[in-house]
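Student: These protein sequence lines map, in sequence, to chains D and C.
Counting in our numbering, the first sequence runs from 28 upward without gaps.
Counting in our numbering, the second sequence runs from 28 upward without gaps.
Structure provided below as structure tokens; questions to follow.
2 protein chains.
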Amino acid sequence: MSEVLRVAVAGLGNVGAETVRLLAGQKDLLALRCGRPIVVTAVSARDASRDRGISLDGITWFDDPVALARDADADVVLELIGGSEGVAKDVCEAAIAAGRHVVTANKALIAVHGAALGGAAEAAGVTLAYESAVAGGIPIVKALREGLAANQVTRLQGILNGTCNYILTTMRETGRDFDDVLAEAQELGFAEADPSFDIDGVDAAHKLAILTSVAFGCAIDFDAVHVEGIRHIAASDIAYATELGYRIKLLGIAEMTDEGIQQRVHPVMVPIGAPIAGVEGVFNAVVAEGDYVGTTMFEGRGAGGGPTASAVVADIIDIARGQMMPVFGVPVAAQKPMRVHPLEDRTGLYFVRFMVHDKPGVFAEIAAALRDAEISIESAIQRGRAAGGVVALVVTTHEAREASMLKAIDAIAAFDSVTETPRMIRIEAF
Amino acid sequence: MSEVLRVAVAGLGNVGAETVRLLAGQKDLLALRCGRPIVVTAVSARDASRDRGISLDGITWFDDPVALARDADADVVLELIGGSEGVAKDVCEAAIAAGRHVVTANKALIAVHGAALGGAAEAAGVTLAYESAVAGGIPIVKALREGLAANQVTRLQGILNGTCNYILTTMRETGRDFDDVLAEAQELGFAEADPSFDIDGVDAAHKLAILTSVAFGCAIDFDAVHVEGIRHIAASDIAYATELGYRIKLLGIAEMTDEGIQQRVHPVMVPIGAPIAGVEGVFNAVVAEGDYVGTTMFEGRGAGGGPTASAVVADIIDIARGQMMPVFGVPVAAQKPMRVHPLEDRTGLYFVRFMVHDKPGVFAEIAAALRDAEISIESAIQRGRAAGGVVALVVTTHEAREASMLKAIDAIAAFDSVTETPRMIRIEAF
Chain D
28 MSEVLRVAVA GLGNVGAETV RLLAGQKDLL ALRCGRPIVV TAVSARDASR
78 DRGISLDGIT WFDDPVALAR DADADVVLEL IGGSEGVAKD VCEAAIAAGR
128 HVVTANKALI AVHGAALGGA AEAAGVTLAY ESAVAGGIPI VKALREGLAA
178 NQVTRLQGIL NGTCNYILTT MRETGRDFDD VLAEAQELGF AEADPSFDID
228 GVDAAHKLAI LTSVAFGCAI DFDAVHVEGI RHIAASDIAY ATELGYRIKL
278 LGIAEMTDEG IQQRVHPVMV PIGAPIAGVE GVFNAVVAEG DYVGTTMFEG
328 RGAGGGPTAS AVVADIIDIA RGQMMPVFGV PVAAQKPMRV HPLEDRTGLY
378 FVRFMVHDKP GVFAEIAAAL RDAEISIESA IQRGRAAGGV VALVVTTHEA
428 REASMLKAID AIAAFDSVTE TPRMIRIEAF
Chain C
28 MSEVLRVAVA GLGNVGAETV RLLAGQKDLL ALRCGRPIVV TAVSARDASR
78 DRGISLDGIT WFDDPVALAR DADADVVLEL IGGSEGVAKD VCEAAIAAGR
128 HVVTANKALI AVHGAALGGA AEAAGVTLAY ESAVAGGIPI VKALREGLAA
178 NQVTRLQGIL NGTCNYILTT MRETGRDFDD VLAEAQELGF AEADPSFDID
228 GVDAAHKLAI LTSVAFGCAI DFDAVHVEGI RHIAASDIAY ATELGYRIKL
278 LGIAEMTDEG IQQRVHPVMV PIGAPIAGVE GVFNAVVAEG DYVGTTMFEG
328 RGAGGGPTAS AVVADIIDIA RGQMMPVFGV PVAAQKPMRV HPLEDRTGLY
378 FVRFMVHDKP GVFAEIAAAL RDAEISIESA IQRGRAAGGV VALVVTTHEA
428 REASMLKAID AIAAFDSVTE TPRMIRIEAF
């Protein structure tokens, strides 16, 4: 197996350019580790004239990435374009149809079309690899599919979006508000001009849906992920969390229960002493619990050209070494269907912040509504007075059912004394 | 590839028995993930009559593990006996000579004889796998050899011995002395009756030597590891560390420098905010820095039947799936020799505790000796008085050379005012 592995690259944005740079810069190291050289033979991007700081000498240029996927002199096609539909999907389908291996960093594509693409790849006898689609440089797909494959995974929890973690970390460190910190993150390049995919939890949900499939051996079901983002987290929520001994993190959580699999992305209060609470800034982390291995945690940079290129090339190395296995750890045809355990069945602790008129009887009224829903109050904080004005009333609960909480909060939201939508944050034990 | 993978197990201690239990309990899951069943066909242990809580029905018993390795009806031999010499080595050699794959949890054997055994395995076209030899259930060998293989690793730092981490954590939490906590750890089964391999750093050094080889592509050189243990850590050192903003951890550190590779195991003061500082109790963790991926951390249980069996079976799964690669990531014949960068060249911060007679002029004398060695004092603590008695004088330094530190400490140790061997702990930046 000493012949050259030929790689065609569709998309020369930050990740694509960094991947080409890595393959050139680590050429000798990679040849030694793979037992054969890896050579980029073709590339495709929108603008042929742009200077990306990399040499494209001797590399065939394609204006059309689908033509590259179909016609390039290549064993492997890298899809680094992005987006769940359109050209990215066409590139992957064309490459598989042409009998070429595919490596992609595209979480949306895998989350939405992974089963179809994976099935096509398995039928064609080629690899569809996507390590870089989840948690950047952290080799978490490999860890779940191989390193922990002796285990029945029981629970996954991950900080899967660096933008949200950066914003939440900065809010805590500075006491500033969400909008203010988001604007700064956009200036610094840590958040997109249109940040909704990140801050509304969609990006994390894409990644969670992929990890769930690999960990539990079931078909990807992105639509079954309950998704909430961080737009409504106020500076005061973060201050309350600190006071109560928690950090607020946007987590992706997948759990196997007797009733099925529960997948959810939402802000969580995590005890300050939990390892994942210490994962700050743009870092990502995944905690995986297995029946034999116990609790493991994997941490690293979740985005950026270097870490993502590291994961893209790890997938190429597997291919160069002839490592083949089912796309999601078990053959797509043998995956179990996803039996969805709805979030309404969650039992756990809750934090709720009510904004209320500061007048006698308001707390009694809210406490009664919670009691009527069989929710037991663990602590209540009302600080400061604003006679006639609005104050925050914060409640944490003992174990309660999600469905009961939602019903009680809805009822309370309709009270005259309540001035805006109550904000609920789930508390998770670790 | 649907034929059965036949496994012979040499050694039915805690790990061996748990591995047999796992292979039976997860039979269907493993068959699905591997595309073929995994079956234990033969076992060998000292005592055939002992009840291990596992069924050995239909499994061939061998009194002689070497005979098992040579003659059993098996594709894979598990060496779970332990020890760098003797029967464990004989089992591995016999299995390789018979053309069987070998999976071992034996860190001492790989650290001392890994190059010879790995070369023999590669020549015979079989796998020698040892994920379980390092950091228990954490799939760190796979992470370095595959997941991060696109990177030139520049530095590794690991908490590689759970016994030491448990002792240091408990000393900090309780304020108790080393001997006291060690005795308790022995009662609880967290430390061996003869604890020297653990507490003197030898076990961590075995693991570090293995990781260094995989990460840097050089031949294993266990003898080149500088090794210090934790016997001399006093309760007061831990209290000073806390006061100065550090945790004391026994770390294994491997660094690539311009002069070569430096491997060392010794107690380290780590800033409290560093992720590895939060890894407590029996947990292990490895921080790996790569030129593209940046900093990554992997954390989990470093010992115990379940986690170790998880890693043993991960290696078996790789074999069942037909995943083959060089034993240390690059072929043994292509490994670079280890160019040793001696610890004397380290430049860094130091903590030193001097026990001195409490009388005028002692601090001046010590400060002068440090100045003469061109060592600059960052802080000095002397608390409490014991007129005519002995007190601790604690010094932390600015950047200093190891060789200068050792020379200065040697000189100061000879002072009449100094009553016992000064204790030096290196401080590492993270």
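Just so you know, even glycine gets a beta-carbon here, dropped at the ideal spot from N, CA and C.
Fair warning: this is a prediction, and the values are worked out from it, not measured in the lab.
How many angstroms separate the CA atom of PRO353/C from the CA atom of ILE257/D?
Tutor: Counting from one through the second sequence, the residue named residue 353/C turns up at place 326. Counting from one through the first sequence, the residue named residue 257/D turns up at place 230. If I take the Cα positions, the gap works out to 46 angstroms.
Student: From this set, GLU307/C, ASP55/C, ARG77/C, VAL320/C, which residue's C-alpha is nearest ASN311/D's C-alpha?
Tutor: Numbered from 1 along the first sequence, position 284 holds the residue referred to as residue 311/D. It is VAL320/C whose Cα lies nearest to the Cα of ASN311/D.
Student: So is VAL422/D buried or exposed if we call it buried at 16+ other beta carbons inside 10 Å?
Tutor: Mapped onto the first sequence, residue 422/D falls at position 395. With 16 or more Cβ atoms within 10 Å of its Cβ, VAL422/D is classed as buried.
Student: So what does GLN184/D bridge to, in DSSP terms?
Tutor: Locating residue 184/D in the first sequence gives position 157, counting from the first residue. The partner list for GLN184/D (beta bridge, DSSP) reads ILE280/D, VAL314/D.
Student: Given that a residue counts as buried once 16 or more other Cβ atoms are within 10 Å of its Cβ, and exposed if not, what is ALA456/C?
Tutor: In the second sequence, the residue the question calls residue 456/C occupies position 429. That one is exposed.
Student: Identify which residue in ALA121/D, ASP207/D, VAL292/D has its Cα closest to the Cα of GLY228/D.
Tutor: Against the first sequence, residue 228/D aligns to sequence position 201. Ranking ALA121/D, ASP207/D, VAL292/D by Cα distance to GLY228/D puts VAL292/D first.
Student: Roughly how many angstroms separate the alpha carbons of GLU45/C and GLU447/D, rounded to a whole number?
Tutor: Indexing the second sequence from 1 puts residue 45/C at position 18. Indexing the first sequence from 1 puts residue 447/D at position 420. The straight-line gap from Cα to Cα measures roughly 56 angstroms.
Student: Using the Cβ count rule (16 or more neighbours within 10 Å means buried), how would you classify ARG450/D?
Tutor: Sequence index remark: in the first sequence, residue 450/D carries index 423 (1-based). Its Cβ being crowded by 16 or more others within 10 Å, ARG450/D is buried.
Student: In whole angstroms, what is the alpha-carbon distance linking GLY38/C and PRO92/C?
Tutor: Against the second sequence, residue 38/C aligns to sequence position 11. Against the second sequence, residue 92/C aligns to sequence position 65. Roughly 8 angstroms separates the two Cα atoms.
Student: Taking 8 angstroms as the cut-off, does the segment 129-146 of chain D touch the segment 65-76 of chain D (at least 3 CB pairs, one atom from each stretch)?
Tutor: no
Student: Could you please give me the residues that DSSP links to TYR377/C through a beta bridge?
Tutor: Within the second sequence, residue 377/C is the residue found at index 350, counting from 1. Per DSSP, ARG453/C.
Student: Evaluate ASP541/D with the Cβ neighbour count: other Cβ atoms within 10 Å of its Cβ, from every protein chain shown; 16 or more gives buried, anything less gives exposed.
Tutor: An answer regarding residue 541/D cannot be provided, because it is not within the stretch 28 to 457 covered by chain D.
Student: Can you find a CB in chain C that lies within less than 8 angstroms of the CB of ILE454/D?
Tutor: The residue labelled residue 454/D in the question sits at position 427 within the first sequence. So, not an interface residue.
Student: Which class does GLY38/C belong to by DSSP, given the choice of helix, strand or coil?
Tutor: Counted from its first residue, the second sequence places residue 38/C at position 11. When DSSP states are grouped into helix, strand and coil, GLY38/C belongs to the coil group.
Student: Would you tell me roughly how many angstroms separate the C-alpha atoms of VAL418/D and SER444/D, rounded to the nearest one?
Tutor: Taking the first sequence and counting its residues from 1, the one referred to as residue 418/D is at position 391. Taking the first sequence and counting its residues from 1, the one referred to as residue 444/D is at position 417. Going from the Cα of VAL418/D to the Cα of SER444/D covers about 11 angstroms.
Student: Closest Cβ-Cβ distance between GLU282/C and chain D: below 8 angstroms?
Tutor: Within the second sequence, the letter at position 255 stands for residue 282/C. It does not; no Cβ of chain D falls within 8 angstroms.
Student: Cβ closer than 8 angstroms: which chain B residues qualify as neighbours of SER337/D?
Tutor: Considering every chain present, this structure includes no chain B. Its protein chains are D and C.
Student: Would you please verify whether the beta carbon of PHE217/D is less than 8 angstroms from any beta carbon of chain C?
Tutor: Along the first sequence, read from residue 1 onward, the residue named residue 217/D stands at position 190. Judged by the 8 angstroms Cβ criterion, PHE217/D is not in contact with chain C.
Student: Please state the DSSP three-state secondary structure of PHE89/D.
Tutor: As a first step, residue 89/D must be located in the first sequence, where it is residue number 62. Correct three-state label for PHE89/D: strand.
Student: Take GLY375/D as the anchor and find which of VAL295/D, THR335/D, ALA315/D, ASP345/D has the nearest alpha-carbon.
Tutor: Your numbering for residue 375/D matches position 348 in the first sequence. Looking at the Cα atoms, VAL295/D is the closest of the given residues.
Student: So GLY327/D contacts chain C; which residues on that side make the cut at Cβ distance below 8 angstroms?
Tutor: Here residue 327/D corresponds to residue number 300 of the first sequence, with the count starting at 1. Going along chain C in sequence order, the residues near GLY327/D (Cβ under 8 angstroms) are VAL320, GLY321, THR322, THR323, MET324.
Student: Rounding to the nearest angstrom, what Cα-Cα distance links ALA413/C and PHE381/C in this structure?
Tutor: Within the second sequence, numbered from 1, the residue matching residue 413/C stands at position 386. Within the second sequence, numbered from 1, the residue matching residue 381/C stands at position 354. C-alpha separation (whole angstroms): 15 angstroms.
Student: Chain C beta carbons: is any one of them nearer than 8 angstroms to that of GLN53/D?
Tutor: Against the first sequence, residue 53/D aligns to sequence position 26. So yes, GLN53/D belongs to the interface.
Student: When you compare the CB of MET352/D with every CB in chain C, is at least one pair closer than 8 angstroms?
Tutor: Reading the first sequence from its first residue, position 325 is the one you call residue 352/D. So, interface residue.
Student: So, for LEU278/D: in the same chain, excluding its five sequence neighbours on each side, which residues have a beta-carbon less than 6 angstroms away from its beta-carbon?
Tutor: To locate residue 278/D, count along the first sequence from 1; it is residue 251. Cβ neighbours of LEU278/D beyond the five flanking positions: GLN184, VAL295.
Student: Is there a Cβ of chain D sitting closer than 8 angstroms to that of ALA341/C, yes or no?
Tutor: As a first step, residue 341/C must be located in the second sequence, where it is residue number 314. Chain D contact via Cβ: present.
Student: Just verifying my parser: in three-state terms, what is the DSSP assignment at MET324/D?
Tutor: Translated into the one-based positions of the first sequence, residue 324/D becomes position 297. The three-state secondary structure of MET324/D, taken from DSSP, is strand.
Student: Would DSSP call HIS140/C helix, strand or coil?
Tutor: By one-based count along the second sequence, residue 140/C stands at place 113. Looking at HIS140/C - three-state DSSP - the assignment turns out to be helix.
Student: According to DSSP, is LYS363/D part of a helix, a strand, or is it coil?
Tutor: What you label residue 363/D is simply residue 336 of the first sequence in a count that begins at 1. The answer is strand: DSSP assigns LYS363/D an E or B state.
Student: Is it the case that the Cβ atoms of VAL104/C and VAL129/C are separated by a distance below 8 angstroms?
Tutor: Counting from 1 along the second sequence, the entry for residue 104/C is found at position 77. Counting from 1 along the second sequence, the entry for residue 129/C is found at position 102. Their beta carbons are under 8 angstroms apart, which means VAL104/C touches VAL129/C by this criterion.
Student: For MET28/C, would you say it is in contact with chain D, using Cβ-to-Cβ distances shorter than 8 angstroms as the test?
Tutor: For the purposes of this step, residue 28/C is identified with residue 1 of the second sequence, where counting begins at 1. Confidence in MET28/C is poor, its pLDDT being 45 and thus under 50, which makes the residue's placement too unreliable to answer from.
Student: Rounded C-beta distance between GLU326/D and ARG182/D? I'm assuming under 8 angstroms.
Tutor: Counting from 1 along the first sequence, the entry for residue 326/D is found at position 299. Counting from 1 along the first sequence, the entry for residue 182/D is found at position 155. 17 angstroms between Cβ atoms; not a contact.
Student: By the 10 Å Cβ neighbour count, where 16 or more other Cβ atoms means buried, how is VAL24/D classified, buried or exposed?
Tutor: This structure gives no information on residue 24/D, because the portion of chain D shown stretches from 28 to 457.
Student: Look up GLU392/D in the DSSP assignment and say whether it is helix, strand or coil.
Tutor: Translated into positions along the first sequence, residue 392/D becomes position 365. In the structure shown, GLU392/D sits in a helix (DSSP, three-state: H, G or I).
Student: Examine the Cβ distances between the segment 208-222 of chain C and the segment 186-194 of chain C and report whether three or more of them are shorter than 8 angstroms.
Tutor: yes
Student: Have a look at ILE226/C, ALA232/C, ALA315/C and flag the residue whose alpha-carbon is nearest the alpha-carbon of GLN290/C.
Tutor: To locate residue 290/C, count along the second sequence from 1; it is residue 263. Taking only the C-alpha atoms, the option nearest GLN290/C is ALA232/C.
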